[in-house]
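In our numbering, the protein residues as written are 509 to 661. Here's the structure we're looking at; comments come further down.
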Amino acid sequence: MNQNRRDVLRISSVLGLAFTAGLLKPSDVFAADWKANVFEAKTLEDAVKALGGDKFVVSKDVTVNGPDIAENGAVVPVSVASAAPNTEFIAILVEKNPNPLSASFNIPAGTEAAVSTRVKMGGTSNVHALVKADGKWLIASKEIKVTLGGCGG
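Quick look at the structure:
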């Protein structure tokens with residue numbers, strides 16, 4: 509049996525035991541609070557509204573890191589960090605993509621508010637980090653130039 513299969517079996521066993529013991533509910537693991545309308549939003553303002561906010565402010569407590577120039581828009585590394593107290597949510601939006609919301613993360617209390625992922629970009633665009641902290645919506649942005657398209661390019 510190869511290592512990957514062993515890992516999957518091990519994780520499945522642990523999750524099964526946690527469900528049986530009542531430590532986890534399926535909704536805890538399988539994204540019970542999925543909001544498809546957020547991913548369907550076409551603008552930054554629409555995404556904030558779909559998430560339950562009404563306005564956002566630019567904040568120096570939020571940072572977006574990524575390359576100045578991405579050679580391949582299909583796999584652009586992006587990281588976001590928030591120094592704002594009580595950060596509970598981070599979203600990454602690519603302004604010029606057909607659907608701007610690329611990723612969203614719930615940040616558990618007491619954890620470091622920092623995430624890293626790779627996003628797909630159809631072309632040069634501003635990448636926004638949208639953060640909810642202390643009930644307020646904060647934003648920071650970075651322009652990333654793309655030399656080879658990722659969204660159908």
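Using N, Cα and C, we set each Cβ at its ideal position, and we do this for glycine too.
- Taken through DSSP and simplified to helix, strand or coil, N545 comes out as helix.
- Straight-line spacing of the CA atoms in G643 and M629 works out to 29 angstroms.
- When DSSP reads this structure, E651 sits in a beta bridge with N634.
- According to the DSSP assignment, A555 belongs to the alpha helix (DSSP H) that extends over 552-558.
- Excluding the 5 residues flanking it on each side, T632 has same chain C-beta neighbours closer than 8 angstroms at K604, E651, I652, K653, V654, in chain order.
- Rounded to the nearest whole angstrom, the C-alpha separation of V623 and V565 is 20 angstroms.
- The C-alpha of E596 is placed about 15 angstroms away from the C-alpha of T571.
- Taking 9 angstroms as the cut-off, the beta carbon of I647 is found closer than this to the beta carbon of S567.
- Note that the C-beta distance between I598 and S610 is not below 9 angstroms.
- For I600, the enclosing beta strand (DSSP E) stretches over residues 595-602.
- Excluding five sequence positions before and after A621, the CB atoms of its chain that fall closer than 6 angstroms to its own CB belong to S590, T595, I615, given in chain order.
- Under the DSSP assignment, P585 falls in the beta strand (DSSP E) whose first and last residues are 584-590.
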